[in-house]
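Enquirer: First the structure, then my questions, so here it is.
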């Protein structure tokens with residue numbers, strides 16, 4: 036007769052099976068996490084290749100947002116959340132229905148402005164499939180145009196009901212919108228950007244974060260990052276990857292679309308960290 040396994044042997048075998056199952060599950064989870072990270076990086080490449088202007092904007096916003104997040108004492112994991120929200124906050128603007136409106140040099144009609152205001156929700160919808168890995172990402176993206184006083188969109192959130200990452204990105208986004216040049220207007224100086232943040236404190240922006248952003252050491256670092264970004268972009272403009280003749284005057288939406296179809300997609304190397312910060 037064969038002796039039955041002892042309770043100790045059975046327990047050891049069960050433990051070995053449990054460990055093997057745990058290791059297998061961990062490997063699957065790690066593989067899925069790597070795939071999710073690769074998906075985000077591919078999406079960043081797509082943003083930059085499809086719309087270099089938006090790609091440069093989100094990198095600058097991420098740079099400023101990280102300065103503010105670090106000054107606020109956020110731990111590394113939370114700073115990474117802020118960075119992701121900053122890098123993807125305008126992904127909804129590359130939607131075909133909005134692209135020409137965003138890049139139109141002419142004034143927008145009320146209906147067109149209403150369409151532009153859909154970009155936070157569009158962006159959150161794009162990112163929703165990744166929420167199992169980055170749950171803060173769609174929530175932060177959809178809320179980056181909410182206001183501290185509740186007058187923002189799309190959901191009219193107020194105060195601390197707005198995700199922290201969205202509150203940080205809102206300040207960085209506005210500062211870059213004011214200070215960076217567009218095709219149709221020159222950028223303002225950092226002092227003008229600071230006044231806009233100050234004027235919006237307690238209404239558009241979290242007053243504590245606005246005060247921190249404007250504090251001398253933090254704002255000095257913001258200015259330094261802004262100047263470094265301007266130098267880097269100037270270098271890129273002097274050595275374009277795909278040079279083409281410049282035209283005078285405004286370009287129609289149809290002409291812009293035709294040029295995009297004719298221009299080869301650049302082989303962009305898009306890093307997690309903003310380009311200027313990565314070179315420091």
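In the working numbering, the protein residues as written are 36 to 315. From the three backbone atoms N, C-alpha and C, an ideal C-beta is built for every residue, glycine too. Model, not experiment: these values are computed from the prediction.
If the criterion is Cβ atoms closer than 8 Å, does the pair residue 121 and residue 100 meet it?
Expert: yes
Enquirer: Rounded to whole angstroms, what is the Cα-Cα separation between residue 260 and residue 51?
Expert: Per the coordinates, the alpha-carbon of residue 260 lies some 53 Å from the alpha-carbon of residue 51.
Enquirer: Name the two residues that bound the continuous alpha helix (DSSP H) containing residue 156.
Expert: 154–162
Enquirer: Whole angstroms is fine: what's the gap from residue 270's alpha carbon to residue 55's?
Expert: Here the alpha carbons of residue 55 and residue 270 stand approximately 53 Å from one another.
Enquirer: Which same chain residues, not among the five before or five after residue 233, have their C-beta less than 8 Å away from its C-beta?
Expert: 245, 249
Enquirer: Taking C-beta to C-beta, are residue 96 and residue 204 nearer than 8 Å?
Expert: yes
Enquirer: Under three-state DSSP, which class holds residue 144?
Expert: coil
Enquirer: Ordered along the chain, which non-local residues of its own chain (more than five positions away) have a Cβ less than 6 Å from that of residue 124?
Expert: 176, 179, 204
Enquirer: Please name the residue, chosen from 197, 183, 110, that lies closest to residue 173 on a Cα-to-Cα basis.
Expert: 197
Enquirer: My output table needs one value for residue 254: the three-state DSSP class, helix, strand or coil.
Expert: helix
Enquirer: At a Cβ threshold of 8 Å, is residue 108 touching chain B?
Expert: Included in the structure is just one protein chain, with no chain B present.
Enquirer: Just mark residue 43 as buried or exposed, buried being the case when its beta carbon has 16 or more other beta carbons within 10 Å.
Expert: exposed
Enquirer: Starting from residue 107, trace the alpha helix (DSSP H) in both directions and tell me its first and last residue.
Expert: Taken as a continuous stretch (DSSP letters only), residue 107 belongs to no alpha helix (DSSP H), as it is neither H nor E.
Enquirer: Nearest by alpha-carbon distance to residue 91: which of 240, 216, 252 is it?
Expert: 216
Enquirer: State yes or no: is the C-beta of residue 105 within less than 8 Å of the C-beta of residue 114?
Expert: yes
Enquirer: Let me know if residue 206 comes out buried or exposed under the rule of 16 or more other beta-carbons within 10 Å of its beta-carbon.
Expert: buried
Enquirer: Whole angstroms are fine: how far does the CA of residue 111 sit from the CA of residue 80?
Expert: 24 Å
Enquirer: Please state whether the Cβ-Cβ distance between residue 200 and residue 256 is less than 8 Å.
Expert: no
Enquirer: Pick helix, strand or coil for residue 236, following the three-state DSSP scheme.
Expert: Note: residue 236 maps to strand in three-state DSSP.
Enquirer: Less than 8 Å separating the beta-carbons of residue 213 and residue 235?
Expert: no
Enquirer: Using CA coordinates, which residue listed in 273, 150, 266 is at the minimum distance from residue 188?
Expert: A check of alpha carbon separations from residue 188 across 273, 150, 266 identifies 150 as the nearest.
Enquirer: Under the rule that 16 or more other beta-carbon atoms within 10 Å means buried, what is residue 316, buried or exposed?
Expert: A question about residue 316 goes unanswered here, because the residues of the chain that appear run from 36 up to 315.
Enquirer: Assign residue 178 to one of three DSSP states: helix, strand, or coil.
Expert: coil
Enquirer: By the 10 Å Cβ neighbour count, where 16 or more other Cβ atoms means buried, how is residue 155 classified, buried or exposed?
Expert: buried
Enquirer: Does the separation of the CB atoms of residue 103 and residue 253 fall below 8 Å?
Expert: yes
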